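Q: Chains as they are written, first to last, in our numbering: chain L, 308 to 769; chain V, 308 to 769.
Quick reminder that beta carbons are idealized off the backbone N, C-alpha and C, glycines included.
Quantities reported herein were computed from a predicted structural model and do not represent experimental measurements.
Number of protein chains: 2
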Amino acid sequence: GEKFKAISAADFFYKNKEIAGFDNPVRATYTIMRELVENALDACEQYSILPEVRVKLIDEGNSIYKLKVEDNGIGVPYEQVPYAFAQILFGSKYTLRQSRGIFGLGGKMAILYGQITAHSTVRVTSSTGGFEKYSYELNINIQENRPVIRRKEVGPNPGRWRGTTVQFSFEGDYVRAKPKVVEYFKQTSILLPYANILFVDPDGVLYRFDRVTDVMPKPAEEVQPHPHGIDVEGVQRMINASRSSTMLDFMANNFHRVGVATALNFLKSIKIDPQANPKTLQSRELLTVVSRMKEYDEFQPPDAQCLSPIGMELLKAGIMREFRPEFVAVTQRGASAYSGYPFIVEAAIAYGGEIPITPPDEMSVFRYANKIPLLYDLHSDVAMKVIKKINWQRYRLDLSTMPIAFFIHICATKVPYKTVGKEYIADRPEVEYEIEWALKTCAREVKMHLTRKEKASIVQRR
Amino acid sequence: GEKFKAISAADFFYKNKEIAGFDNPVRATYTIMRELVENALDACEQYSILPEVRVKLIDEGNSIYKLKVEDNGIGVPYEQVPYAFAQILFGSKYTLRQSRGIFGLGGKMAILYGQITAHSTVRVTSSTGGFEKYSYELNINIQENRPVIRRKEVGPNPGRWRGTTVQFSFEGDYVRAKPKVVEYFKQTSILLPYANILFVDPDGVLYRFDRVTDVMPKPAEEVQPHPHGIDVEGVQRMINASRSSTMLDFMANNFHRVGVATALNFLKSIKIDPQANPKTLQSRELLTVVSRMKEYDEFQPPDAQCLSPIGMELLKAGIMREFRPEFVAVTQRGASAYSGYPFIVEAAIAYGGEIPITPPDEMSVFRYANKIPLLYDLHSDVAMKVIKKINWQRYRLDLSTMPIAFFIHICATKVPYKTVGKEYIADRPEVEYEIEWALKTCAREVKMHLTRKEKASIVQRR
Ligand SMILES: Nc1ncnc2c1ncn2[C@@H]1O[C@H](COP(=O)(O)OP(=O)(O)OP(=O)(O)O)[C@@H](O)[C@H]1O
Ligand SMILES: Nc1ncnc2c1ncn2[C@@H]1O[C@H](COP(=O)(O)OP(=O)(O)OP(=O)(O)O)[C@@H](O)[C@H]1O
Ligand SMILES: [Mg+2]
Ligand SMILES: [Mg+2]
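Encoded structure:
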């Protein structure tokens, strides 16, 4: 007969490391760098700390690399360190606000990969700026998904240092990973003119990205779920957690931008008694509430306080600096939502200048999600699906003969990544819709530019 | 400060359903059908039961569909049913033998999706052929990842029926999913001439795939891990679980096709004392054993008892029947291994007949993994990477002007899928290597055929 058993989440990701972005030593090198840098940037940005991130990768021979990432972020509280770094599906980013981290496993997978390929422990030193700073040496008990504390020390923190240092070794391949790793740092810093990022690579080459401004965007704030698209399980959990004894009270106090007036109008429109007790709602009634919530278009759209877009000026400036294009059209869509998660699409189309003319299967498409550059699997990304779908001729654009580059940024309280390695964005209809409209808006502007340019040259020739 | 918490594996896949293959109702419809049919086929094939699988999908209106899948497989033991169908990361396929299932979550994700989109319970009826058959009505407690038994009944089983029936509702989109769903059934049955598969779709259309033979391939048998590529964690666990008091005893009793002689030669070659106690091995020594195990080429390659390839005749017959090509070259590589997992690549290149000439970005590539057809994300698949890499001119093949179709089947004790939705295969170097050699072998045969054909036509013209 069959042998049945349960496995832990850590064991699942250990057995299936390709799923977490660790297909092979080249991809692992990239993924590890990405995961640790993103943790460092989140720790700074969420608290309006001007980021100072230092990354050092040393070649220890035999394909083993030692990585050290240091940041001046908020630090990790003493009791949380073992779980934050050695328990899969544990973290502080399960909240409804934009951050690079969302799964609660990126940093841990990197550390797990070091443990299984180089038998490495991870050394974490941190302080939240208090009188003490502390150091742990950890492993992950993979079968039981819990931390193994090899060593820990607490010491004085005279300089009131605040931040985190993570260090471990792993089997990698920097030679092959280098182009993507360097591109990742470059693309990241284009979007973060207020960050100081330093990367010393195994050849001793120093990559410095110095800040050009001290102005930081306002950090994203946590919000309640938006009524558009939240599913039955989501609403059921809110009901279970809520103390409301009426549907009116429940609706008015649990959803983003839904107050008493909106709640009353909604409940009346779907013929649910505002005085009904949410905890005794029939399954049928619950389904009605949820499905009608999706279509009710008198809910206020999400506001962007839970999001932190790049911004039109910054996006344009970054593109101008990199490509010196003849023309750039940028746009920022209003906030929308999928499955109750607010999101915003920002896009740009750049024409001419130093942008190359590319063959049709190698388009210049630059994608970002929550300010993370996405450098893999372009063809599976929803952005590519949209680009292939649009009839560019209507905008006088011929992608095979004109120097055109596309830029797409999706910022969301939860980015709909298709993969745990955050390689590309899944085919969400709401997201696809927003990308399509953003690109068409930009396309129209590029068309107008080309038309004006053509008219000007006609005038000139006369 | 940050709010730290842990979440269950069920909560992770609930929050990130795109990662499990449930991007949207269209993709969800396909994934759900796939997951349940694959469970049914595994339950039959693993026990040499000629499969009888019946699938019925009913449109209940409002985008809600009811799915019922019935099989004559081995059945699920009474106490295991709640966990098998309502606890994520639970199953019977965590063993080292080829099966379609590997993760312990496919069926559950389908059921979870039905629960959150249609508030559906799942009804499972099963019997292992004994005096009783039993029925459960289940939900998943997502936050705690455990089953909720709504109802259960045990009754007599007069006909000694053995098998499983699974039924639940979910929000889908059959209209858009139809082409891929039908293609999935068609492709699946091409590889399973001994299976009776019946699919009744929401429009009442009956798709019947009747068996044309009663001969089934031998089921795959469980084996021990192969020494090539097993990592430090894997070896450490084997040491912890083993009672061996010497390295010689440990090596000789725990690895696929490694006996006393091979173990002794290996340990001597890496200067590890055969009498050393594995449990007191230094970390440094353990790393030496593991890394040298990877490179030691005097280990026997895996034998194929843990695998169940399609077979050259069947593959050729299926291609002949579908495309009536002018010529088919098929090949089956010897067993290889990655990360300790044995695998075999089978490939075919077909030329002419009813095969269309396709533009370069739309090649005819048919991929299978453990007899599952892969119909998505071709461009991200490692097979495509290989096809793009090969210099086809050397084989007188011009992919843009000739009618050519590629067929690649990877069978493995663990297929290196890149995604939880089993959409495509990750970039594993060992797998890439095998696919490359398989395709080149086929390409050489096609080249010889084209050369002969050309000579024949020259002779004819004289
Ligand atoms: N450098 C750091 N500074 C402060 N906190 C950190 C740092 N690195 C990790 N953490 C904490 O550890 C938690 C777990 O990190 P991990 O990378 O495993 O998951 P995540 O960032 O929450 O999500 P994701 O898997 O998407 O990266 C984070 O949520 C954060 O609270
Ligand atoms: N129709 C069936 N007949 C017999 N056993 C079944 C059937 N469906 C599911 N099972 C049992 O339930 C377990 C869990 O199934 P599930 O689909 O969730 O995971 P899996 O098949 O093991 O792996 P995967 O996630 O890759 O599909 C299986 O391992 C199997 O033991
Ligand atoms: Mg992280
Ligand atoms: Mg399954």
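1. Please name the residue in Lys747(L), Glu540(L), Met523(L) and Pro463(L) whose C-alpha comes closest to that of isoleucine 356(L).
2. Does the Cβ-Cβ distance between isoleucine 381(L) and glutamine 405(L) come in under 8 Å?
3. Output yes if chain L places a C-beta closer than 8 Å to the C-beta of phenylalanine 630(V); else output no.
4. Can you say whether methionine 619(V) is buried or exposed, counting buried as having 16 or more other CB atoms within 10 angstroms of its CB?
5. Whose CA, out of Ala570(V), Gln582(V) and Ala611(V), lies closest to the CA of arginine 599(V)?
6. When we look at the beta-carbon of arginine 407(V) and count the other beta-carbons within 10 Å, is it buried (16 or more) or exposed?
7. Give the straight-line distance between the Cα atoms of isoleucine 579(L) and lysine 440(V), rounded to the nearest whole angstrom.
8. Is the beta carbon of threonine 569(V) within less than 7 Å of some heavy atom of ligand 1?
9. Verify the CB distance criterion: does aspartate 480(V) have a CB-CB separation below 8 Å to chain L?
10. Taking 7 Å as the cut-off, does the CB of glutamate 730(V) come closer than this to any heavy atom belonging to ligand 4?
11. Answer with yes or no whether the minimum CB distance from valine 362(V) to chain L is below 8 Å.
12. Report, in whole angstroms, the separation of the C-beta atoms of leucine 614(V) and alanine 642(V), which I expect to be a contact under 8 Å.
13. For glutamate 345(V), verify whether its CB is less than 7 Å away from any heavy atom of ligand 4.
14. In chain order, what residues of the region 704-726 of chain V put their CB closer than 9 Å to some CB of chain L?
15. Given the structure, does glycine 328(V) come close to ligand 4, in the sense that its CB is under 7 Å from one of the ligand's heavy atoms?
16. Is it right to say leucine 499(L) is buried, meaning 16 or more other beta carbons lie within 10 angstroms of its own, or is it exposed?
17. Name, in chain order, the residues that DSSP records as bridge partners for isoleucine 656(V).
18. Taking the alpha-carbon of valine 482(V) as reference, which of Tyr337(V), Lys678(V), Asn698(V) and Lys762(V) has the nearest alpha-carbon?
19. Would you mind working out which of Asn346(L), Ser434(L) and Val362(L) sits nearest isoleucine 409(L), comparing C-alpha positions?
20. Note down the Cα distance separating tyrosine 420(V) from valine 597(L), rounded to an integer number of angstroms.
21. May I have a chain-ordered list of the alpha helix (DSSP H) segments no shorter than 4 residues that lie completely inside the region 376-422 of chain L?
22. Thinking C-beta only, is leucine 403(L) closer than 8 Å to threonine 428(L)?
23. Taking contact to mean at least 3 C-beta pairs separated by less than 8 Å, is the region 723-741 of chain V in contact with the region 684-691 of chain V?
24. Where does lysine 525(L) land, buried or exposed, given buried means 16+ other C-beta within 10 angstroms?
25. Buried or exposed: where does asparagine 698(V) fall if 16 or more other Cβ atoms within 10 Å of its Cβ makes it buried?
26. Less than 7 Å separating the Cβ of lysine 322(L) from some heavy atom of ligand 2?
27. Taking the alpha-carbon positions, what's the lysine 696(V) to phenylalanine 397(V) distance?
28. Comparing the C-beta of tryptophan 384(L) with each C-beta of chain V, is any distance below 8 Å?
29. Taking only beta-carbon atoms, is lysine 310(V) less than 8 Å away from chain L?
30. Between Gln543(V), Ile449(V) and Ala391(V), which has its C-alpha nearest threonine 471(V)'s C-alpha?
31. Identify which residue in Ser433(L), Asn448(L) and Lys373(L) has its Cα closest to the Cα of glutamate 460(L).
32. Quick one: list the residues of chain V neighbouring isoleucine 697(L), beta-carbon separation under 9 Å, in chain order.
33. I'd like the span of the beta strand (DSSP E) that includes aspartate 688(V), first residue to last.
34. Is valine 530(V) close to chain L, meaning its C-beta is less than 8 Å from at least one C-beta of that chain?
35. What are the start and end residues of the alpha helix (DSSP H) that includes glutamine 494(L)?
36. Ignoring anything shorter than 4 residues, give me the alpha helix (DSSP H) runs that lie fully in the region 314-387 of chain V, in order along the chain.
A: Reading from the atomic positions:
1. Met523(L)
2. no
3. no
4. exposed
5. Ala570(V)
6. buried
7. 42 Å
8. no
9. no
10. no
11. no
12. 7 Å
13. yes
14. Lys721, Pro723, Tyr724, Lys725 and Thr726
15. no
16. buried
17. Ala636(V) and Phe713(V)
18. Tyr337(V)
19. Asn346(L)
20. 15 Å
21. 388-393
22. no
23. yes
24. exposed
25. exposed
26. no
27. 39 Å
28. In the sequence as displayed, the identity of residue 384(L) is proline instead of tryptophan. By this cut-off, proline 384(L) is an interface position.
29. yes
30. Ala391(V)
31. Ser433(L)
32. Chain V residues near isoleucine 697(L): none, gap ~17 Å exceeds 9 Å.
33. Aspartate 688(V) -> no beta strand (DSSP E), and no H or E assigned at all.
34. no
35. 481-498
36. 316-322 and 332-352
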